[in-house]
Amino acid sequence: MPGALRPLIIAALALALAGCGAGPDAWNAPAGAAIDEGGFGAATRANLRVQSGGISQVEGLNERFSAETVPVVTFPFDSAVPGPAARAAIARQADWIRQFPEATFRIFGHTDLVGSDAYNRALGRRRAEAVLAELVRNGVAPGRLEALVSYGETQPLIVTRGRERANRRTVTEVSGFTGGRQRLLDGKYAQVIYRGYVESAVPPPGLVRRADPAAFASGGESGS
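Laid out in structure tokens, this is it:
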């Protein structure tokens with residue numbers, strides 16, 4: 094047997110044996126099912142909904158943003174200063190936003206029902222401004238953060254006259270794309286979908302990474 098064929102035959106036998114022990118349904122499962130962590134098809138589903146007119150590109154991207162970050166942060170009573178948990182959530186938002194340079198975002202400020210409408214509208218705006226400043230501090234370009242909007246006390250999550258923290262919040266949302274567009278060119282939107290595939294990929298179970306690809310490019314660990 095030629096030496097070059099021996100590793101291929103051994104690998105094929107290993108795959109066959111693995112299939113035999115994987116259960117009767119293993120051969121009928123979709124390709125890649127063994128390494129699907131639950132979100133592998135999300136990019137395809139989102140793209141199908143967009144291309145069929147079920148949702149807009151902005152809605153599709155906003156759904157991803159909401160699912161992969163914490164878009165809502167809350168504040169102490171009568172305060173526009175984000176606490177540690179809020180700053181951590183905003184940092185997570187910023188990390189996601191930096192990966193999607195095509196998108197722009199709007200921050201909505203809210204308050205509870207304690208105080209006058211005028212005061213709470215101003216407080217909601219200060220909260221939105223605080224989140225914007227924190228996003229910028231975490232590396233987001235200010236020009237990608239659109240008009241700050243304050244709903245004040247007009248949209249409570251919980252209707253109560255008391256001090257309800259869930260109502261004292263900001264909500265960050267995808268608002269459009271750079272240049273004021275509501276759609277990207279097909280090729281550009283394909284890049285957004287492709288990122289979804291890359292981020293959802295995980296190594297197969299039991300895979301051992303034996304070498305760093307960079308080592309091959311440099312001629313080995315010693316670089317010689």
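One gets the numbering used here by counting positions in the sequence shown from 1 and adding 93 to each. Just so it is clear, CB atoms sit at the ideal spot from N, CA and C, and this is done for glycine as well.
On a Cα-Cα basis, can you pick out the residue from the options that is closest to residue i?
{"i": "residue 203", "options": "268, 256 and 264", "result": "264"}
{"i": "residue 237", "options": "167, 154 and 195", "result": "195"}
{"i": "residue 210", "options": "232, 186, 284 and 249", "result": "249"}
{"i": "residue 266", "options": "177, 178, 188 and 197", "result": "197"}
{"i": "residue 257", "options": "223, 213 and 207", "result": "207"}
{"i": "residue 173", "options": "150, 188 and 221", "result": "221"}
{"i": "residue 234", "options": "288, 225 and 160", "result": "225"}
{"i": "residue 219", "options": "241, 152 and 231", "result": "241"}
{"i": "residue 217", "options": "270, 288, 161 and 175", "result": "175"}
{"i": "residue 262", "options": "223, 275, 153 and 271", "result": "223"}
{"i": "residue 239", "options": "232, 259, 183 and 270", "result": "270"}
{"i": "residue 212", "options": "231, 247, 232 and 183", "result": "247"}
{"i": "residue 183", "options": "150, 149 and 231", "result": "231"}
Applying the criterion that 16 or more other CB atoms from any shown protein chain within 10 Å of the CB defines a buried residue, is residue i buried or exposed?
{"i": "residue 164", "result": "buried"}
{"i": "residue 186", "result": "buried"}
{"i": "residue 114", "result": "With a pLDDT of 49 at residue 114, under the threshold of 50, the predicted position of this residue should be treated as unreliable, though the coordinate-derived value follows. Exposed."}
{"i": "residue 179", "result": "buried"}
{"i": "residue 167", "result": "buried"}
{"i": "residue 275", "result": "exposed"}
Please report how far the alpha carbon of residue i lies from the alpha carbon of residue j, in whole angstroms.
{"i": "residue 181", "j": "residue 277", "result": "30 Å"}
{"i": "residue 199", "j": "residue 253", "result": "27 Å"}
{"i": "residue 273", "j": "residue 201", "result": "18 Å"}
{"i": "residue 189", "j": "residue 158", "result": "7 Å"}
{"i": "residue 191", "j": "residue 251", "result": "32 Å"}
{"i": "residue 169", "j": "residue 205", "result": "11 Å"}
{"i": "residue 229", "j": "residue 284", "result": "24 Å"}
{"i": "residue 309", "j": "residue 155", "result": "Here the model assigns residue 309 a pLDDT of 40, short of 50, so the residue's position is not dependable, and the following value carries that caveat. So the alpha carbons of these two residues sit roughly 40 Å apart."}
{"i": "residue 153", "j": "residue 227", "result": "25 Å"}
{"i": "residue 268", "j": "residue 259", "result": "23 Å"}
{"i": "residue 150", "j": "residue 160", "result": "16 Å"}
{"i": "residue 243", "j": "residue 171", "result": "15 Å"}
{"i": "residue 193", "j": "residue 177", "result": "25 Å"}
{"i": "residue 162", "j": "residue 288", "result": "16 Å"}
I'd like to confirm the pairing. Which residues does DSSP put opposite residue i in its beta bridges?
{"i": "residue 236", "result": "DSSP output for residue 236 lists no bridge partner at all."}
{"i": "residue 251", "result": "Bridge partners of residue 251: none, in fact."}
{"i": "residue 221", "result": "None, per the DSSP bridge assignment."}
{"i": "residue 267", "result": "198"}
{"i": "residue 274", "result": "270"}
{"i": "residue 172", "result": "Residue 172 pairs with nothing; no bridge assigned."}
{"i": "residue 153", "result": "Bridge partners of residue 153: none, in fact."}
{"i": "residue 262", "result": "167"}
{"i": "residue 245", "result": "203"}
Quick one: measure Cβ to Cβ for residue i and residue j, integer angstroms, because I've assumed they're closer than 8 Å.
{"i": "residue 214", "j": "residue 245", "result": "4 Å"}
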